[in-house]
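For reference, the structure is listed below as structure tokens.
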Amino acid sequence: MNDELSLPATELVRRTLAHAKRLLPAALFHHSVRTYLYGRLLGEQRGLRPGRDYDDELLFLGCVLHDCGLSAEGDGDQRFELDGADLAVRFLEGEGVASDRAQVVWDAIALHMDREIAERKRPEIALVALGAGFDLGGGPERLPPGYTDRVHRVLPRLHAAAVLHDSIVRQALENPRKAPPFTMQGELVRQATGGSWPTWEHLARSAGWNDYEGYRP
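The numbering used here runs 6 ahead of the 1-based position in the sequence shown.
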């Protein structure tokens, strides 16, 4: 990569990059690296500079590991972002990363699906959500002319959004606990299967507290 598309030059970054490449299909691996490039650039547009305003290595770790919960190794009983956050911490602690630094990465991965919350956190967390969201849905931000073309030449898209969708749905169909009602994962499964959600009243009645007995709005 040229300087514009460079990655942090640390041994941990190199090992983590190899780890993510082993775990993920090429489409999701490329998406994860693009998440870093876009997140860093979007941060720069907000006046955030690596080394001054945030730890560039931590941002990279959060970005490149943020979808590893969709891998076979990361597939557990939680929503994929939580499984991925747990897997990332296990990997990083095995690499000797201090627990407080690993916790920042956990937060970045666990919160990347909820941009409004992530943006209230430290830059290493907020920029993961911003970068991932931009890579999948674009946004109002104006990037330098030709920048996305240069990124895509190095990291082709390979149908990233479609692969991500199918990976989420595939896991959830095999284990419904990964797609609770009213979550994004649950909604993707509902759309894929034509299912329906229980109503608020149904959920409240199933609790057994009788909150609707005798209630008149």
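All residues carry an ideal CB built from backbone N, CA and C; glycine is no exception.
- Our two residues, tyrosine 44 and arginine 163, have alpha carbons roughly 14 Å apart in a direct line.
- Under the Cβ criterion (8 Å, minimum of three pairs), the stretch 150 to 162 does not count as touching the stretch 125 to 137.
- Runs of the alpha helix (DSSP H) spanning 4 or more residues and lying entirely within the stretch 124 to 175 occur at 129 to 143, 153 to 160, in chain order.
- Between valine 134 and glycine 68 the beta-carbon gap is near 4 Å, inside 8 Å, which marks them as a contact.
- Pairing proline 204 with threonine 189, the inter-Cα distance amounts to about 13 Å.
- Here proline 182 carries a helix assignment [DSSP, helix/strand/coil].
- With the rule of 3 Cβ pairs closer than 8 Å, the stretch 46 to 56 counts as touching the stretch 135 to 149.
- The criterion of a C-beta distance shorter than 8 Å is satisfied by histidine 72 and histidine 118.
- The DSSP-derived three-state label of tyrosine 60 is strand.
- The alpha-carbon of alanine 26 is positioned some 17 Å away from that of alanine 116.
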